[in-house]
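J.: As numbered in UniProt numbering, residues 1 to 96 make up the sequence shown, in order.
Shown below is the structure under consideration.
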Amino acid sequence: MKFDEWISADSPEKAEEYRRRFKMAIANSIRRKILLELDEGSKSVDELLSKLNVGEKVLKYHLDTLEKGSCIRYAGDRVELTEEGRVLAKLVREKM
Numbered sequence: 001m002k003f004d005e006w007i008s009a010d011s012p013e014k015a016e017e018y019r020r021r022f023k024m025a026i027a028n029s030i031r032r033k034i035l036l037e038l039d040e041g042s043k044s045v046d047e048l049l050s051k052l053n054v055g056e057k058v059l060k061y062h063l064d065t066l067e068k069g070s071c072i073r074y075a076g077d078r079v080e081l082t083e084e085g086r087v088l089a090k091l092v093r094e095k096m
C-alpha cells in the first residue's frame, strides 16, 4: 500500500483501514522513536536495542506492529522504513 493509495482509496472503508493501521503505528512513543531512528537510515535490531534502551521482547512487539502497519520491512539483518514509514516519520518529526 502506497501513501497515495491511502489518500485516493477506492472506498471509505479502504481509507479507514489505512488510517487505522497508520494510527496504530504511531500511537506509541516507542514506535515513534523507532520511526525517527529508522528515518536516519536502516539499522540492525541490535542497534535499535542499544539506541532505544528497551528489552528485546518489547522491541520485537513494536517492530511487529510497525511491520503489520506497512511502516517497516526487513532487508537481510537490517530494518528499514517503507514509503509509508518515511511519511509517518516526517509527520512525527514535524509534531515534535
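All C-beta atoms in this analysis are idealised placements derived from N, C-alpha and C, irrespective of residue type, glycine included.
Keep in mind the model is a prediction, meaning the values are calculated, not measured.
Across which residues does DSSP place Ile72 in a beta bridge pair?
T.: Counting from one through the sequence shown, the residue named residue 72 turns up at place 72. Note: Ile72 sits in a beta bridge opposite Leu81.
J.: Which one of Arg78, Ile72 and Pro12 has the shortest CA to CA distance from Leu88?
T.: Looking up residue 88 in the sequence shown gives position 88. From the listed residues Arg78, Ile72 and Pro12, the smallest Cα separation to Leu88 is found for Ile72.
J.: Tell whether a beta-carbon distance below 8 Å holds between Glu56 and Leu49.
T.: In the sequence shown, residue 56 corresponds to position 56, counting from 1. In the sequence shown, residue 49 corresponds to position 49, counting from 1. In this structure, Leu49 lies closer than 8 Å to Glu56 by Cβ.
J.: Give the range of the alpha helix (DSSP H) segment to which Glu37 is assigned.
T.: Position 37 of the sequence shown holds residue 37. Taken as a continuous stretch (DSSP letters only), the alpha helix (DSSP H) holding Glu37 covers Ser29 to Asp39.
J.: Measuring straight from C-alpha to C-alpha, what distance separates Leu59 and Ser11?
T.: Position 59 of the sequence shown, counting from 1, holds the residue named residue 59. Position 11 of the sequence shown, counting from 1, holds the residue named residue 11. One C-alpha to the other measures close to 34 Å.
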